[in-house]
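Participant: Every number in my numbering is 191 more than the matching position in the sequence shown, counting from 1. Here a beta-carbon is modelled for each residue, glycine too, at the ideal position from N, C-alpha and C. Model, not experiment: these values are computed from the prediction. I have a structure I would like to understand better, so I am pasting it below and will then ask my questions one at a time.
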Amino acid sequence: MAGSVVMEQYLSVSRAARLVGVSRGQLQKKIRMGELGTFEGNVQMADLQRVFPDVDPYHDTEYDRVREIKSKAFSKRVHELLLPDAEVLFERLNELSVELSNARGQFSSIKRIVAMLKAKLLHAQSTESEQERGLATSLHEWVSRELDPVIQEAEMVVPLLVQNSLLRLVTAHVKLSPSGHEFFVEGNNSILDSATKAGLSMPYGCVDGSCGLCKARITEGHIKKIMNYSFLIPEEDQVAGYALMCANTAVSDIQIAVEEITQPDDLPFQTVETDFKSYKPLSSNVSLLIVLSPPSNRFRFLAGQRAELRPGKDLIRTMPLASCPCDERQLLFHINHADNQLVAALSSLRPGQHLSISGPYDDFVLNTESSRASVFIAYETGFAPVNSLIEHAIALNMSERIDLFWVARTSDGHYLSNLCRAWHDALDDFSYTPLILPEELDCLAEKGDLHKLLTGTKRDYLPVSECDYYIAGPELFVDMTCEYLEKSGALLDNIRSTVLLPDKA
Ligand code: FES
């Protein structure tokens, strides 16, 4: 086993985080604070062992905790560690065996060279020349002092190496260029599905291998076809490494050259006939609508965007999606009961019935390039797009710190408080503050009381200018909050907002 020491000295940050059972954000924090060194963006195994000396690599406490909360919080989302099928497992075992035997050979050679060098230097110490004896002695001391600890240290990280090899059997690591985003492929999931679950938007269309939109170039590592497909990839493209991301899984750790979708303009306008799944109350004023995109025609959107619903003849509503694109086919909406017409139409739908959805609209999306702390401020059902953004930020492991302020007229208005508390319990750097604002917005605005309430959104730990703000609610609330934040020193470029349309009576 010591042979794998040479090959596994460095790990990607994602792989290292998964290995010691902490979030990627936590590990990055340690890197930023200088507690953990990196070399070309990778973490050295021995450093990892030094910074996490007590970690039991066989017990992923923190990782399990986040996984658990993710699966609870994202309701039906499947987030289990899947085992690959026999063929993929065989390919991965094969890859690992080759690496292992190469590394074992290299490590044995290095140990043998060091031992031979020491023997030669010992022998040289018995020479007649005093100068040569002195030189041989100091060289022998240097080899013992500098090289012996390196070999011992390498042997010490064996438990981590064992766990890493096991992880590599069931999960392959994927790195995208030029973005540098990383994710894992579990079992024999497709590369595309794994990227989507990790909150990343690779281009795609049909998901059944017929459109070719998910074609990307594998620049390193090996993949394996997991389904038959009809799209023909030209011979020269195949030679260059192009493959369909919806039809292949990763056998080894891989790198892919692909332009991700990060801006609303990158997505086409779509109309999709979804299947109605359920419509259930979340509180006395709000219900949750769930619809499913067809498997081969998923509705593509970025977290925080809106869609147009047509639940009945001549009935059209444009509403924010409350789900994360990482939920794949499942689309969620928070419906305010004040919209009687919409409530009546949705209440009459039966599971499986079609509901037409068009879009996406709006540019209220995450700034995925930012590493600043994120502050979300929602008013009542303004929580819907914020819900989508926060789940996306969690899936991306994006922000070191997230603060959520949810303003409502009564405590009933915080209709998903349990979800917010679950996020708080699962994530180390997440705070949730429900705020009650008992009067109508225009009265408060006249009295200036909204500004008073918003002083509660300031945090001592960071200046306002060093945070990104995401605000969702009625126009007056959004305007006043933006004005307040700007006066408090927030930078205009760091404020994103969306105005909810008034609920129809
Ligand atoms: S998404 Fe259409 S071929 Fe992969």
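Given 7 Å as the limit, tell me if L352 has its C-beta closer than that to any heavy atom belonging to the ligand FES.
Facilitator: Answer for L352: no, Cβ out of range of the ligand FES.
Participant: Under 6 Å, CB to any heavy atom of the ligand FES. Which residues pass, going along the chain?
Facilitator: Y395, G396, C397, V398, G400, S401, C402, G403, L404, C405, F422, L435 and C437
Participant: How many angstroms separate the CA atom of I548 from the CA atom of H525?
Facilitator: 15 Å
Participant: Which residues mark the beginning and the end of the beta strand (DSSP E) in which F374 is found?
Facilitator: E373 to E377
Participant: Rounded to the nearest angstrom, what separates L692 and E630 at their Cα positions?
Facilitator: So the alpha carbons of these two residues sit roughly 20 Å apart.
Participant: Where DSSP assigns a beta bridge to L506, which residues make up the other side?
Facilitator: G503
Participant: Can you list, in chain order, the residues of its chain whose CB lies under 6 Å from that of S205, leaving out five sequence neighbours each side?
Facilitator: R215 and E373
Participant: Thinking C-alpha only, which one of L435, G412, A431 and T410 is nearest N419?
Facilitator: L435
Participant: Are A681 and Y660 touching if we call contact CB-CB under 8 Å?
Facilitator: yes
Participant: What number of angstroms, rounded off, separates the C-alpha of A352 from the C-alpha of R303?
Facilitator: Note that residue 352 corresponds to Leu in the displayed sequence, not to Ala. Between L352 and R303, the C-alpha separation is close to 22 Å.
Participant: By the DSSP assignment, the beta strand (DSSP E) with E411 in it spans what residues?
Facilitator: K406 to E411
Participant: Whose C-beta lies closer than 6 Å to the C-beta of R592 among residues of the same chain, with five residues either side of it excluded?
Facilitator: Scanning its chain for C-beta atoms nearer than 6 Å, with the 5 sequence neighbours on each side dropped, one finds around R592 the residues A564 and D620, in chain order.
Participant: Just to confirm my understanding: we take A448, look at its own chain, exclude 5 residues before and 5 after, and list those with CB closer than 6 Å. What are they?
Facilitator: S368, R408 and T410
Participant: Give the C-beta separation of S552 and L595 to the nearest angstrom, bearing in mind that I take them to be a contact with Cβ-Cβ under 8 Å.
Facilitator: Looking at the sequence shown, residue 552 is not Ser but Tyr. About 24 Å; that fails the 8 Å criterion.
Participant: Cα-Cα, which of L360, D456 and V234 is closest to S288?
Facilitator: L360
Participant: Are the CB atoms of L500 and L512 nearer to each other than 8 Å?
Facilitator: no
Participant: Output needed for F375: all residues of its chain with C-beta closer than 8 Å, excluding positions within five of it in sequence on either side, in chain order.
Facilitator: S205, R209, T362, A363, H364, V365, S385 and A389.
Participant: By a C-beta neighbour count over all protein chains shown, 10 Å radius and 16 as the cutoff for buried, is R612 buried or exposed?
Facilitator: exposed
Participant: So P502 packs on L540, CB below 8 Å; how close in whole Å?
Facilitator: 7 Å
Participant: Label L683 either buried or exposed according to how many other C-beta atoms from any shown protein chain fall within 10 Å of its C-beta, with 16 as the threshold for buried.
Facilitator: exposed
Participant: Measuring alpha carbon to alpha carbon, tell me which of A277, S602 and L546 ends up nearest N476.
Facilitator: Here the closest residue by C-alpha is S602.
Participant: Please determine if the stretch 222–239 and the stretch 390–399 are in contact, where contact requires at least 3 C-beta pairs separated by less than 8 Å.
Facilitator: no
Participant: Does any residue of chain C have a CB that is nearer than 8 Å to the CB of W597?
Facilitator: The chain inventory of the structure shown lacks chain C, comprising one protein chain alone.
Participant: Is H250 helix, strand or coil when you go by DSSP?
Facilitator: At H250 the pLDDT is 42, less than 50, meaning the model places this residue with poor confidence; the figure from the coordinates comes in the next sentence. H250: coil per DSSP, three-state reduction.
Participant: Quick one: residues in its chain with C-beta nearer than 6 Å to the C-beta of E344, no 5 flanking neighbours on either side, listed in chain order?
Facilitator: Cβ within range, chain order: A237.
Participant: Measure from the alpha carbon of C658 to the alpha carbon of each residue in L506, F567, L291 and R600, then state which is nearest.
Facilitator: F567
Participant: Does DSSP classify D554 as helix, strand or coil?
Facilitator: coil
Participant: To the nearest angstrom, report how far apart K468 and A498 are at their CA atoms.
Facilitator: Cα to Cα, the separation comes out at about 17 Å.
Participant: Report buried or exposed for G225, applying the criterion of at least 16 other Cβ atoms within 10 angstroms of its Cβ.
Facilitator: exposed
Participant: If distances are taken between C-alpha atoms only, which option among L458, A315, P516 and A663 comes closest to I585?
Facilitator: P516
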